[in-house]
Every structure is written in C-alpha cells, then in structure tokens.
Amino acid sequence: MSELLNRSFYSNEDVVNLSQQLLGKYLCTNLNGKYTSGKIVETEAYRAPEDKASHAYGNRRTNRTEIMFNEGGHAYIYLCYGIHHLFNVVTGPTDMAHAILIRAIEPTDGIEHMMTRRNMTKINYRLTNGPGILSQALGLSRDQNGESLTDRNLVWIENRYVSLEKDEVIRSTRIGVDYAEECASWDWRFRIKNNPWCSPAK
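Quick note on numbering: the sequence shown equals residues 38 to 239 in our numbering.
Here you go:
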C-alpha cells in the first residue's frame with residue numbers, strides 16, 4: 038500500500054520538520070521504462086533566506102536557484118563539482134526557497150537497473166549511500182530538474198507507511214558546509230539510526 042505525497046505535504050513552511058518526515062518515505066523514478074525506488078534514510082534541510090549554506094541565501098535568485106522559489110513539490114537537481122547530480126526536494130509556499138537534500142536511500146525496487154547505472158556487479162552499500170551516487174542509481178540528472186513530484190510521472194515520493202520512533206532518528210550537523218559560518222553548526226541532518234545505507238560521513 039502506498040500513497041503519493043501531495044502538494045499540501047510539500048507546502049509546509051517548516052523545512053526542518055519536513056526533512057525528518059521524509060525519512061522512511063520512498064523516492065521513486067520511472068525513466069526510459071525502468072522503475073526504481075528506495076527508502077529515504079538520510080536528509081538535510083536548507084532554509085533560505087537566513088541559511089548561509091543554502092544556494093538561495095539572502096533570497097539570491099539565479100538561473101540555477103530559480104526553481105527553489107517555486108511552490109513546494111518540485112525537484113531541484115544541480116551538478117556538484119561538475120560530476121555528481123544532487124537531488125533536492127523544494128518545499129514551502131511559492132518564493133520561500135526551502136529545500137531538502139536527499140543524502141541516502143535504501144534500495145528496494147529495480148535494483149538490477151541501479152547496479153547497471155552504477156557499473157556494479159555485486160550489491161553493497163556504495164550503491165546508494167551518498168547523494169551523488171543515489172541520483173546515478175535512480176537515473177536522475179539535470180534533465181529532471183524542475184519536475185513536479187506530485188504525480189507518478191518521472192520522479193515522485195511515496196508514503197508506504199513506515200513508522201519511525203523519535204529515538205530511531207539521529208540528528209546532527211550537515212556535511213560539507215563549513216563555509217556557512219554560524220549556520221554550519223545547525224543540526225539539520227537527519228538519519229535513520231543503525232541503517233547501513235546511510236552515508237559514511239559521521
């Protein structure tokens with residue numbers, strides 16, 4: 038049993054709370070006739086305009102960040118270091134520019150397609166335990182930037198009713214944001230405790 042997350046879910050102004058709520062939900066893709074999905078096990082919240090780690094800090098609008106100012110429920114996918122496509126969920130009302138980075142998933146469906154995309158012959162945690170490699174495994178790229186997440190078209194998120202207790206979630210500082218001054222200490226990274234598919238970063 039699954040339920041597609043709708044626009045009202047994504048329109049919540051509390052991006053930190055939504056980042057926790059996405060744990061246990063399922064990120065799904067259907068690209069070139071290949072269906073893949075995985076349980077979200079790690080997220081990070083980014084809250085413009087005050088968050089110096091956000092691409093939209095100070096409500097900075099550029100060609101890249103413009104999608105962040107859309108209403109919640111769209112994909113924001115950008116290229117990191119010219120190599121990795123990072124998948125983010127735009128949240129909040131129009132012009133709020135909040136986003137949640139999906140950092141790791143536990144693969145569930147279409148694992149054979151994921152392994153082919155990752156050039157792997159044996160399944161292990163390196164299949165999807167980081168933001169760049171999970172996008173590769175799911176077939177996500179800049180081609181899906183701006184896609185709506187509220188229909189089962191190319192990319193979407195489902196609720197399959199996985200319940201998590203509060204003590205099953207680890208909260209810590211975000212990864213790779215040392216440049217963000219005081220914002221670097223904000224504990225807006227969330228992980229499912231003891232899940233081996235989380236990224237190796239502590």
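Each residue gets a CB set at the ideal place from its N, CA and C atoms; glycine is no exception. Every value quoted in this text rests on a predicted model; they were computed, and no experiment measured them.
For Asn54, which of helix, strand or coil comes out of DSSP? Position 17 of the sequence shown, counted from the first residue, corresponds to residue 54. Looking at Asn54 - three-state DSSP - the assignment turns out to be helix.
Starting from Thr153, trace the alpha helix (DSSP H) both ways and give me its first and last residue. Here residue 153 is taken as the residue at index 116 of the sequence shown, counted from 1. Start and end: Ile148 to Arg154.
Would you please state the rounded distance, in angstroms, between the beta carbons of Leu201 and His122? I believe it to be under 8 angstroms. Translated into positions along the sequence shown, residue 201 becomes position 164. Translated into positions along the sequence shown, residue 122 becomes position 85. Not really, about 27 angstroms apart at Cβ, beyond 8 angstroms.
Quick one: what's Val117 bridged to in DSSP? As a first step, residue 117 is located in the sequence shown; it is residue number 80 there, counting from the start. The residue you asked about is not Val; residue 117 is Cys in the sequence shown. According to DSSP, Cys117 bridges with His121.
From the DSSP output, which residues share a beta bridge with Trp193? Position 156 of the sequence shown, counted from the start, is the residue given in the question as residue 193. In the DSSP assignment, Trp193 forms a beta bridge with Cys65.
Reduced DSSP category for Arg101 - H, G, I as helix; E, B as strand; rest coil: In the sequence shown, residue 101 corresponds to position 64, counting from 1. Taken through DSSP and simplified to helix, strand or coil, Arg101 comes out as coil.
Over what stretch of residues does the alpha helix (DSSP H) that includes Ser297 continue unbroken? Because the chain is modelled from 38 through 239, residue 297 falls outside the range shown and cannot be assessed.
How would you write the range of the beta strand (DSSP E) that Gly213 sits in, first residue to last? Walking along the sequence shown from the start, residue 213 turns up at place 176. Counting along the chain, Gly213 falls outside any beta strand (DSSP E), and DSSP gives it neither H nor E.
Could you pull out every residue in the same chain whose Cβ sits closer than 6 angstroms to the Cβ of Val214, ignoring the five residues on either side in sequence? Taking the sequence shown and counting its residues from 1, one reaches residue 214 at position 177. The residues Ala90 and Ala221, in chain order, have a CB closer than 6 angstroms to that of Val214 in the same chain once the five nearest residues on each side in sequence are set aside.
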